[in-house]
Amino acid sequence: MVNTDLEVLRNFSRVLGYSLDHKLFAQHFVLKLREVLNVNRIALFLEPAPSGTLGQTSVLRNRDRLTCVGAVGISNDLLECIELSRLSGIGLHITRFAQILRAEKDGPSSSVQDDAKIQREFDVLGCQVALPINDRERTLGVAVIGGRVTGNPLEDSELQLVYHLLEELGLAVKNSWLHHQLASSHRLFSDVLGAITSGSVVLGADLSVQHANRAFIRFLRGESNVADTRVDFADLPRSLASALHDLAENGKQVEPFFVVSEKNAGRSYRVSLVPFPSPDNRLPQPAMALVEDFTQIQAVQKAEVEASNFKLIALIAKRFAHEIRNSLVPLSTHHQLIDTDYASQEFRESLKSALGRETGRIQRFTEQMLFLSQPAHPADGWLPVGPMLRSAFQRAATSLGKQAHLQISGQNEDTPVRVHQASIIHALEEIFLNGLQETPVGGGIRVVLEQGEDTKGNPVLNLRFRDEGTGFTPETKARAIEPFFTTRTTGVGLGLTVARRIIENHSGWLDVSEKISLTDSDIVIHIPLG
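Quick note: the sequence shown uses this note's numbering, first residue 1, plus one each step.
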């Protein structure tokens, strides 16, 4: 019996060459099995092959239907109109028990006697035995076998050998399906890379070029020589080859960079590298380079920057002209009256007031522009916050000529912060000016000092400013720190922008809040204490 088994296995090894085509493999398997068993008919029924690429869900195919993929001794007309099902009959029994099923009515297979559908399927196919086709994990289909040509029944030892041969068949079928899915995925991947307008080149771990699409060929050789699709690593531009070598050999990832094609004069390309690490991150590793033509994009970006710069210059010029004109109006009026009214004490006092007020306005405007344009100043040291608040408030009130009071509460006023004194006082003055312009005469601004933490747990000093005005609306809150945004007829809208810039230069930040209740803060600044 051992020699017979070895001879059977040797015979079946001859059909392994057809294993990539499961239908052709199954047909040759049937012919060889019939030759070995000397039976009158055999049929193999399998579930539908999975379609599409790897990873596609298998519910898209009906696994319950088992159709014939190979047969001998059974009419093709019959096979075209019959199929088995996992939900009833032979298919249900084989799927549930994965055992050999005989059709003898007087035998031990009680299920055949009890299930008329099983017996009817055996009768229609003219077969006596059904066996599972499995891949060692689950049942893929059913094999039905007729009787011996001599009329003698098949022995159990023969059916056991056939059972194991069908298991090998199931593994071969599964591998065939996986091969076709892998081939389909490869074709899809190649089609996608070939269709994209960006150039792509894929390198293996040994730096061999596995794939290069037409867009990359055009980048490499120009429009006139795209017919030659062969690419070697030595053909790549030096900067690209060096970056790919470092990524593949050493795992060194680089940021996207730009190269200029030698074959496409005047065109700029952006290169992005993508590694394909193995599960254990072993080096060397495959890698891919994506090459995008950024010539038009850079041209558009340059045009947008130029248009944005022109728009900004126009806005600055408009604000400059508006602010300076507002300052010149009272000065021009006094200039026209100076010859006739200068002897008047009242006129001289008015002139003095106008000169001080308008030159102060222009001075503040120039200081704002300087703070925006200059780099951050080094800190003077640790200074108490209270005196700086009072100095800034006094300067703001004097600038507006308004009587108001300042209330500081919460943390100790002597809490030291490490700042550049002149810059911080100017930032606080801008915040106070914004609040005092909304505060009625005789009113005041309240500042609450409290210690808190930033997102990393570092200590900060929070300064919460609340004036007696209506506060920010959702619309003005969103644009309050935007340069040149203002809701007033005077001013250029740079106050809070300058304040934020100075606070950020001290590693802090500024928040603008919508006032829902009278106790809500309008502006909160956060200054690090560490």
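Note that the Cβ used here is the ideal one computed from N, Cα and C, for glycine as well.
Helix, strand or coil for residue i, going by three-state DSSP, please let me know.
i: residue 261; result: coil
i: residue 108; result: With a pLDDT of 47 at residue 108, under the threshold of 50, the modelled position of that residue is not reliable, and the figure given next carries that caveat. Residue state, collapsed to three classes: coil.
i: residue 192; result: helix
i: residue 330; result: helix
i: residue 445; result: strand
i: residue 231; result: coil
i: residue 216; result: helix
i: residue 143; result: strand
i: residue 57; result: Because residue 57 carries a pLDDT of 46, less than 50, the predicted location of this residue cannot be relied on, and the following value inherits that uncertainty. Here residue 57 sits in coil by DSSP.
i: residue 521; result: coil
i: residue 465; result: strand
i: residue 198; result: coil
i: residue 341; result: helix
i: residue 98; result: coil
i: residue 431; result: helix
i: residue 487; result: coil
i: residue 137; result: coil
i: residue 70; result: strand
i: residue 276; result: coil
i: residue 530; result: coil
i: residue 77; result: helix
i: residue 181; result: helix
In angstroms, rounded to a whole number, what distance separates the CA positions of residue i and residue j?
i: residue 187; j: residue 213; result: 13 angstroms
i: residue 80; j: residue 48; result: 15 angstroms
i: residue 370; j: residue 385; result: 24 angstroms
i: residue 179; j: residue 23; result: 14 angstroms
i: residue 176; j: residue 255; result: 41 angstroms
i: residue 253; j: residue 206; result: 18 angstroms
i: residue 57; j: residue 198; result: Unreliable positioning characterises residue 57 in this predicted model, as indicated by a pLDDT of 46, which lies under 50. The coordinate reading is nonetheless provided below. Taking the straight line joining both Cα atoms gives about 30 angstroms.
i: residue 108; j: residue 131; result: The pLDDT assigned to residue 108 is 47, lower than 50, so where the model puts this residue is not dependable; a value taken from the coordinates is nonetheless given after this. Between residue 108 and residue 131, the C-alpha separation is close to 16 angstroms.
i: residue 283; j: residue 428; result: 56 angstroms
i: residue 182; j: residue 171; result: 16 angstroms
i: residue 203; j: residue 276; result: 10 angstroms
i: residue 329; j: residue 361; result: 13 angstroms
i: residue 506; j: residue 475; result: 28 angstroms
i: residue 120; j: residue 78; result: 14 angstroms
i: residue 518; j: residue 366; result: 34 angstroms
i: residue 504; j: residue 525; result: 10 angstroms
i: residue 336; j: residue 435; result: 35 angstroms
Thinking just about the alpha-carbon of each residue, which of the options is nearest to the one in residue i?
i: residue 444; options: 451, 482, 433, 515; result: 433
i: residue 318; options: 422, 493, 338; result: 493
i: residue 528; options: 515, 519, 509; result: 509
i: residue 285; options: 303, 208, 352; result: 208
i: residue 437; options: 336, 424, 487; result: 487
i: residue 62; options: 299, 324, 26, 50; result: 50
i: residue 497; options: 447, 440, 426; result: 426
i: residue 421; options: 387, 405, 396, 320; result: 387
i: residue 511; options: 163, 463, 470, 349; result: 463
With distances taken between CB atoms, is the gap from residue i to residue j smaller than 8 angstroms?
i: residue 430; j: residue 499; result: yes
i: residue 125; j: residue 91; result: no
i: residue 29; j: residue 169; result: yes
i: residue 219; j: residue 261; result: yes
i: residue 64; j: residue 86; result: yes
i: residue 141; j: residue 133; result: yes
i: residue 473; j: residue 514; result: yes
i: residue 244; j: residue 215; result: no
i: residue 190; j: residue 211; result: yes
i: residue 389; j: residue 408; result: yes
i: residue 377; j: residue 351; result: no
i: residue 26; j: residue 69; result: yes
i: residue 411; j: residue 442; result: no
i: residue 289; j: residue 231; result: no
i: residue 460; j: residue 453; result: yes
Could you please give me the residues that DSSP links to residue i through a beta bridge?
i: residue 472; result: 514
i: residue 452; result: 460
i: residue 209; result: 203
Taking only heavy atoms of the ligand ZN into account, decide whether any of them is closer than 7 angstroms to the Cβ of residue i.
i: residue 448; result: This structure lacks the ligand ZN; in fact it carries no ligand of any kind.
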